[in-house]
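K.L.:
Just so you know, the sequences run in chain order A and B. For my numbering, add 222 to where a residue sits in the first sequence, where the first one is 1. For my numbering, add 147 to where a residue sits in the second sequence, where the first one is 1. Using N, Cα and C, we set each Cβ at its ideal position, and we do this for glycine too. This is the structure I have questions about; it appears just below.
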Amino acid sequence: MRLILFDRGTEFREHFFPLTLSRPLWELRCGITSLGEKLQARTGIGDAACFLPDYLAATYRTRTKCPVNEVSALTGDDLFLVDARVKADSFDVPAGGAGEVGLNEQGEILYARVTQADAKKLSHDNFEAFLDAAKANLPHVNCGLATWNYTWDLILANPAQLVADYAAAGRHGIEGAIEQPNAIRGSKKDVYVAPGVTIHPMVVIDAEHGPVYIDEGAEIHPFTRIEGPCYIGKKSILLGAKCREGNSIGPVCRVGGELEESIIQGYSNKYHDGFIGHSYVGEWVNLGALTTNSDLKNDYSTVSVMLDGKHAIDTGSPKVGALIGDHAKTSIGTLFNTGSCIGAMAIIMATGKPLPKTIPSFAWFVEGLVTKGFGRSTLYETAAMAMSRRGRQWTEAEQAMWDAIFEITAPMRKEAIQKSRRAMMAK
Amino acid sequence: MATVAERVKAVTARVLRVPPEDIRPEHSFTEDLGAESVQSIELVAMFEEEFGIEMDEDAALSVETVGAAVKFITNVCKEQGVDVEE
C-alpha cells in the first residue's frame, strides 16, 4: 500500500496563502507535527509519494525523501490518495478495501482508494488525469470528512492539537540538561525535554494546563517562561521569552518577547521584545524589535482577513493575529492590525501606526505606501544570506520557485502599488 | 510637450524638494541632490507615473546621475512604445 498525498493547484490552496505559496499544504504545522506527518501516522502507511503544483516540485524534492510528481508512483501497488486538507484526527476511512472515491459536497475528491488492478485501467498521462479517471470509474462515497479550510483553522486548533500530538508521541521525562535553579510546574508526565536540550538557570516550565515538548538541541535562555501546551522545535533558541500557551515553534528559530497561541514554521527570528499572538509565521522571517500584532479587536467582534487585499473573510473567531509569509522582514516598531496578511518576501518599514491589513508578496512597504522598492534581486540576495547563516543554501531551484511566486502574486501587488501611487500623487 | 530632460528634472525637484534650476545633468541623485534610499524608491515610482512606463527596479536603481536617468528613461520609453520629446 502506498500513500499519495496531494495538493492540487486549485483556488482552494489560496486559502492558505501566503504560507502555501512556497510549500505544499501538508507541510504546514499544527501541534507538534505537520499535517502530512499526521496523515501518514493516521493511515499507518510507510511508503509515500506526493503530488503538488509543478512550480514547487524542484525545490520540494530537495526537502523530502518521497517521490514528487512522479506518475510512476501511481503504479506497482495499491494506492490510498488523500487530499492534504483532510484532518487526520477525524479521518476514519480504512486504507485497505475495494476501490472507491470519497467526495465532498462540491464533488471534489478528498480521498481515493485505488487497487493495483483498478490503477491499471486508469489514465497515467498525468496526476490530474489519473484522479479524473478514478472519479469517473470508481464508486463514489459522499463523505463528510472534516477539512482544514484556512490558515487560521490551524492557529485556532493548535492548543488542542498540541495536547493530542503530545499524547501520541508518548514521551515524557528529562533527557536533556537542566541547569539549576529551575521550576517545573504541573505533572512531570507532561514535560519532555529531549536529548541535547540545554535549559539555562531561571527558566519556568509550566505544564499545569498542558504539556511542554522541547525537542532535540533546543536551548532555553534564562528568564524564559514556557506555558503548556507548547512545542519548541529542534535547535530553536528561546531568549528570555514569555512563551504563553498554545505555541508551536518549528526548528532553528530564535524567539524572544511574547508569543501566544502561534505557529512559527521554522528558521525564523523573533529575537526581541514585542507581542505575536494567534499568528502563523512562515520560514526565514525576521521580525524586528517591538514588532507586535493585534489579535483581538476592541469590540471583541470576530476578526476578518483579506487574503487577496479586497474581500474580507470572516474568520468566525474573535482572536486571529497575523499571517506572515516566508522571508518577510519587519523593521523595529512594526504594528500589525488584527487579521493581517503579510506576503512572502515583503519588506515592512514601520510607520508608527498599524499597517494596512494586507501587504502583497514582494512588496516593499515604505513611508506608508506599497512600493516596488529595491526589487527582486535585492530580496534574493538577502534571502540567500539569511539561509547561509543557518547552513541552508539558496539554490537555482529555489530561485526558480520564487520567480514563479513573483508572477503568481504580481496582479495583487500591482494593484496595491497603483493604489499607493495614487495616494502619493495626491500628496 | 516638455522634453524628457525637463520632465526628469521636474520630477526630481518635486521628490527631492530641490529647486529645478539647481539640478544639472551631471548631478548624482545621492551625492549631489541628497536622495536617501527611500527617496530613490519614490523617484523610480514617480518616473514610472510621469512617463507611463514600467522600469526594471535593479536597472533603474543603478542609474546614478540625472543625465543617465534621462538616457535610461528615453530608452525605456522607446522599448515600450511611449512617445516622448527628446
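Where does F302 of chain A sit, in a helix, a strand or coil, going by DSSP?
P.N.:
Residue state, collapsed to three classes: strand.
K.L.:
Cα separation between G496 of chain A and G479 of chain A?
P.N.:
Roughly 5 Å between the two C-alpha positions.
K.L.:
Compute the minimum distance between the beta carbon of C288 of chain A and the heavy atoms of the ligand SAM, and state whether it is under 7 Å.
P.N.:
Annotation note on the ligand SAM: not contained in the displayed structure, which lists no ligands.
K.L.:
Find the nearest neighbour of A334 of chain A within the set A:P417, A:R264, A:F228 and A:R598, judged by alpha-carbon distance.
P.N.:
A334 of chain A has its Cα closest to that of A:F228, out of A:P417, A:R264, A:F228 and A:R598.
K.L.:
Work out the CA separation of T537 of chain A and E196 of chain B for me, nearest whole Å.
P.N.:
If I take the Cα positions, the gap works out to 37 Å.
K.L.:
Apart from the five residues just before and just after F352 of chain A, which ones in its own chain have a Cβ nearer than 7 Å to its Cβ?
P.N.:
Only L296, L344, S345 and H346 meet the Cβ criterion.
K.L.:
Against L208 of chain B, what residues of chain A qualify as contacts under a CB-to-CB distance less than 8 Å, listed in chain order?
P.N.:
Those are F596 and G597, listed as they occur along chain A.
K.L.:
With C-beta atoms as the reference, is R251 of chain A less than 8 Å away from I485 of chain A?
P.N.:
Going by C-beta atoms, R251 of chain A is nearer than 8 Å to I485 of chain A.
K.L.:
Could you tell me the alpha carbon to alpha carbon distance between P582 of chain A and G510 of chain A, rounded to whole angstroms?
P.N.:
If I take the Cα positions, the gap works out to 19 Å.
K.L.:
Output, in sequence order along the chain, the residues in the stretch 564-598 of chain A whose CB is closer than 9 Å to any CB in chain B.
P.N.:
Per Cβ criterion, the list reads M571, W586, V588, E589, L591, T593, K594, G595, F596, G597 and R598.
K.L.:
Unbroken alpha helix (DSSP H) runs of length 4 or more, entirely within the stretch 567-628 of chain A: which are they?
P.N.:
You should have 597-610.
K.L.:
Is the CB of R635 of chain A under 8 Å away from at least one CB in chain B?
P.N.:
So, not an interface residue.
K.L.:
Just how far apart, CA to CA, sit G555 of chain A and F628 of chain A?
P.N.:
Each residue's Cα considered, the two are about 27 Å apart.
K.L.:
For A572 of chain A, which residues of its own chain have a beta-carbon under 6 Å away from its beta-carbon, when the five flanking residues on both sides are left out?
P.N.:
Answer for A572 of chain A: S553, G555 and T556, listed in chain order.
K.L.:
If you draw a straight line from the alpha carbon of D387 of chain A to that of E322 of chain A, how long is it in whole angstroms?
P.N.:
Approximately 30 Å, taken between the alpha carbons.
K.L.:
What residues in its chain sit with their C-beta under 7 Å from that of P423 of chain A, if we drop five residues either side in the sequence?
P.N.:
E401, Q402, P403, N404 and P444, listed in sequence order.
K.L.:
Give the DSSP bridge partners of V527 of chain A, in chain order.
P.N.:
V527 of chain A is bridged to A:I535.
K.L.:
Among residues of its own chain, excluding the 5 on either side of A606 of chain A, which ones have a beta-carbon nearer than 7 Å to its beta-carbon?
P.N.:
Counting only Cβ-Cβ distances below 7 Å, and skipping sequence neighbours, we find W616.
K.L.:
With distances taken between CB atoms, is the gap from Y277 of chain A to V290 of chain A smaller than 8 Å?
P.N.:
No. Outside cutoff.
K.L.:
Does the beta-carbon of Q640 of chain A have 16 or more other beta-carbons within 10 angstroms, so that it is buried, or is it exposed?
P.N.:
Per the 10 Å Cβ criterion, exposed.
K.L.:
How about G437 of chain A and G408 of chain A: do their beta carbons lie closer than 8 Å?
P.N.:
According to the sequence as given, residue 437 of chain A is Asp; it is not Gly. Cβ atoms of D437 of chain A and G408 of chain A: not closer than 8 Å.
K.L.:
With contact counted as at least three CB pairs below 8 Å, one residue from each stretch, are the stretch 189-207 of chain B and the stretch 592-600 of chain A in contact?
P.N.:
They touch, by the three-pair rule.
K.L.:
Once you ignore the five residues that flank L247 of chain A on each side, which residues in its own chain have a CB closer than 8 Å to its CB?
P.N.:
Excluding sequence neighbours, L247 of chain A sits near D229, R235, F238, L257, A306, R307 and W370.
K.L.:
The alpha helix (DSSP H) that contains D340 of chain A, what's its start and end?
P.N.:
Q338 to K343 is the extent of the alpha helix (DSSP H) around D340 of chain A.
K.L.:
Starting from the C-beta of V165 of chain B, find all residues in its chain whose C-beta is less than 6 Å away, skip the five residues before and the five after it, and write them out in chain order.
P.N.:
Taken in chain order, the residues that qualify are L180.
K.L.:
Quick check on Q158 of chain B: buried or exposed, where buried means 16 or more other Cβ atoms within 10 Å of its Cβ?
P.N.:
Note on residue identity: the sequence assigns Val, not Gln, to residue 158 of chain B. Counting Cβ neighbours within 10 Å, V158 of chain B comes out buried, since at least 16 surround it.
K.L.:
For the candidate residues A:G324, A:M623, A:N508 and A:G499, whose alpha-carbon lies nearest to that of S562 of chain A?
P.N.:
For S562 of chain A, the nearest C-alpha among the options comes from A:G499.
K.L.:
Please check if any C-beta of chain A sits within less than 8 Å of the C-beta of E183 of chain B.
P.N.:
For E183 of chain B, the answer is no, since every Cβ of chain A falls outside 8 Å of its Cβ.
K.L.:
Please give me, in chain order, every unbroken run of the beta strand (DSSP E) with length at least 3 that falls completely inside the stretch 258-294 of chain A.
P.N.:
Complete beta strand (DSSP E) runs here, min 3: 270-273.
K.L.:
Please report how far the alpha carbon of L303 of chain A lies from the alpha carbon of R245 of chain A, in whole angstroms.
P.N.:
Spanning the two alpha carbons is a distance of roughly 19 Å.
K.L.:
Taking the alpha carbon of S539 of chain A as the reference point, which residue from A:P578, A:I442, A:D521 and A:W506 has its own alpha carbon closest?
P.N.:
Checked all of A:P578, A:I442, A:D521 and A:W506; the closest Cα to S539 of chain A is A:D521.
K.L.:
Which same chain residues end up closer than 8 Å to V474 of chain A when comparing Cβ atoms and leaving out the 5 residues on each side of it in sequence?
P.N.:
Only G455, K456, K457, S458, G488, Y489 and R612 meet the Cβ criterion.
K.L.:
Out of A:I630, A:M646, A:A638 and A:G504, which has the shortest C-alpha to C-alpha gap to M528 of chain A?
P.N.:
Taking only the C-alpha atoms, the option nearest M528 of chain A is A:A638.
K.L.:
Pick out whichever of A:K342, A:T337 and A:A356 has its Cα sitting closest to the Cα of I331 of chain A.
P.N.:
Measuring from the Cα of I331 of chain A, the nearest candidate turns out to be A:A356.
K.L.:
What's the gap between the Cα of V385 of chain A and the Cα of L378 of chain A?
P.N.:
Their backbone Cα atoms lie some 13 Å apart in a straight line.
K.L.:
Judging by CA-CA distance, which residue of A:A358, A:P275 and A:G574 is the nearest neighbour of A341 of chain A?
P.N.:
It is A:A358 whose Cα lies nearest to the Cα of A341 of chain A.
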